Amino acid sequence: MTQRFLEPGELVAATHNKGKVKELKALFEPLGFVVRSAIELDLEEPEETEDSFTGNAILKAKAAALATGRPALSDDSGLAVTALDGAPGIYSARWAGEPRDFYAAMEKVRSELEAKSATDYSARFVCALAIVWPDGHEEVFEGDVKGHLEFPPRGDRGFGYDPIFVAEGETITFGEMDPDRKHAMSHRADAFNKLKAVLKTDKV
0 MTQRFLEPGE LVAATHNKGK VKELKALFEP LGFVVRSAIE LDLEEPEETE DSFTGNAILK
60 AKAAALATGR PALSDDSGLA VTALDGAPGI YSARWAGEPR DFYAAMEKVR SELEAKSATD
120 YSARFVCALA IVWPDGHEEV FEGDVKGHLE FPPRGDRGFG YDPIFVAEGE TITFGEMDPD
180 RKHAMSHRAD AFNKLKAVLK TDKV
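Following this note's numbering, the numbering of the sequence shown begins with 0 at its first residue and continues without gaps.
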């Protein structure tokens with residue numbers, strides 16, 4: 000399939016996660032895009048039935064593109080802990096339950112590491128960014144950021160598992176880090192830098 004360029008204009012962020020919406024707006028709006036979230040557009044959140052970050056990202060973006068008739072962007076991401084064989088992985092949000100309680104999810108990560116008497120606390124955040132057009136064309140870009148986990152959680156400036164994740168070369172958690180600094184090095188930023196190749200704008 001021929002790669003397609005995405006021109007500046009209205010772009011649907013197919014997520015109900017306010018933290019993700021904020022990061023996606025920070026990445027795209029300086030380049031001339033108007034990001035409208037699934038929350039603003041009152042879109043239903045489809046069930047994530049795929050077995051990979053890429054599969055779930057495409058599923059969510061496709062549902063939003065078909066519902067709105069506009070190009071849609073979806074980010075499926077999560078925490079992959081080495082000693083837990085990549086868990087929670089694609090189930091990262093589900094570990095937080097309903098309503099979402101990521102402090103409970105972080106405690107679950109800690110308790111499972113302790114149950115395994117793990118000494119390896121390495122982990123990485125993984126992100127798949129998918130753009131789907133209303134005609135079904137898809138573009139997908141994957142990124143990650145490596146680091147390790149530290150407990151107890153520290154900081155309230157991020158979201159999700161940010162308060163326990165320390166990126167390689169850093170001494171503070173993503174939860175303690177200035178948002179602009181985190182955005183520049185995050186898994187989402189890594190995927191976005193690859194996605195820039197298909198953005199038809201002179202601001203890239």
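The C-beta atom is built at its ideal place from N, Cα and C for all residues, glycine as well. All of these numbers come straight from a predicted model, not from anything done at the bench.
Cutoff 6 Å; reference Pro162; Cβ partners in own chain excluding five residues on either side: Pro152, Arg153, Gly154, Thr172 and Gly174
Residue from Ala63, Ser73, Glu6 and Lys115 whose Cα sits closest to the Cα of Ala82: Lys115
Under the three-state DSSP convention, the category Pro29 falls into: helix
Exposure label - Leu65; buried when at least 16 CB within 10 Å: exposed
For Pro133 and Gly159, the rounded distance between their alpha carbons: 30 Å
Own chain partners of Ser36 with C-beta closer than 7 Å, once the 5 adjacent residues on each side are dropped: Ala12, Thr14 and Val20
Rounded separation between Val165 and His182 - CA only: 14 Å
Length-filtered (3 minimum) beta strand (DSSP E) runs lying within the stretch 95-179: 121-131, 137-148 and 164-166
Segment limits, beta strand (DSSP E) that includes Ala63: That residue, Ala63, is in no beta strand (DSSP E); its alpha helix (DSSP H) goes Phe52 to Thr67.
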